[in-house]
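Data first, discussion second: the structure below is written as structure tokens.
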Amino acid sequence: MNSELPKRYAKGGRPKGDPADLRAVTIGVRVSAAEYALLRERAASMQMKPAQWLRAAALSRRLPPPPVAAINREQYAELARLAANLNQLTRLANEGERVNVATVLLEQLLAETQCLRLILLGVKDSVDDR
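The sequence shown begins at 196 in this note's numbering and counts up one residue at a time.
Right, dumping it as structure tokens:
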């Protein structure tokens, strides 16, 4: 007697997607009844479920820029002082007055400005690292 195992059939249903695209994390958001009604209304107008609409809205919106860090505020203040001095020299030159500025000072101003730009971009740590 030949004991045959039953044939296995392939599972039906939708094929599994990419595991990287699997949404496994749940984020709880509390809203008021009025906010929920507005959310449902907006989702329905786009023929979406509220969760789909909320995900699309949250991930596609451009957020406001983050607040300036305290360390950058100091650098901005230094940059403002440099800009004010440069503006005074430019105003005098535009008024036709002779402006005598040592080349060394102009080179120093350029170096300071470039250093501050690198700091504000996060490429360099601080002004003391010159």
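We treat Cβ as the ideally placed atom computed from N, Cα and C, and that holds for glycine.
How would you write the range of the alpha helix (DSSP H) that residue i sits in, first residue to last?
i: arginine 250; result: 245 to 255
i: isoleucine 222; result: Premise fails: isoleucine 222 is in no alpha helix (DSSP H) and is neither H nor E.
i: serine 152; result: Outside the displayed range of the chain (196 to 325) lies residue 152, so it cannot be described from this structure.
i: alanine 306; result: 298 to 316
Anyone know if the C-beta pair for residue i and residue j falls short of 8 Å?
i: leucine 305; j: valine 294; result: no
i: leucine 234; j: leucine 254; result: no
i: leucine 311; j: leucine 281; result: no
i: glutamine 270; j: isoleucine 222; result: no
Any chance the CB of residue i is under 7 Å from a heavy atom of the ligand PLP?
i: threonine 298; result: This structure lacks the ligand PLP; in fact it carries no ligand of any kind.
Going along the chain, which residues of its own chain have a beta-carbon closer than 7 Å to the beta-carbon of residue i, five neighbours each way excluded?
i: lysine 244; result: Ala238
i: glutamate 307; result: Leu277
Excluding the 5 residues preceding and the 5 following residue i in the sequence, name in chain order all residues of the same chain whose CB lies nearer than 8 Å to its CB.
i: glutamate 236; result: none
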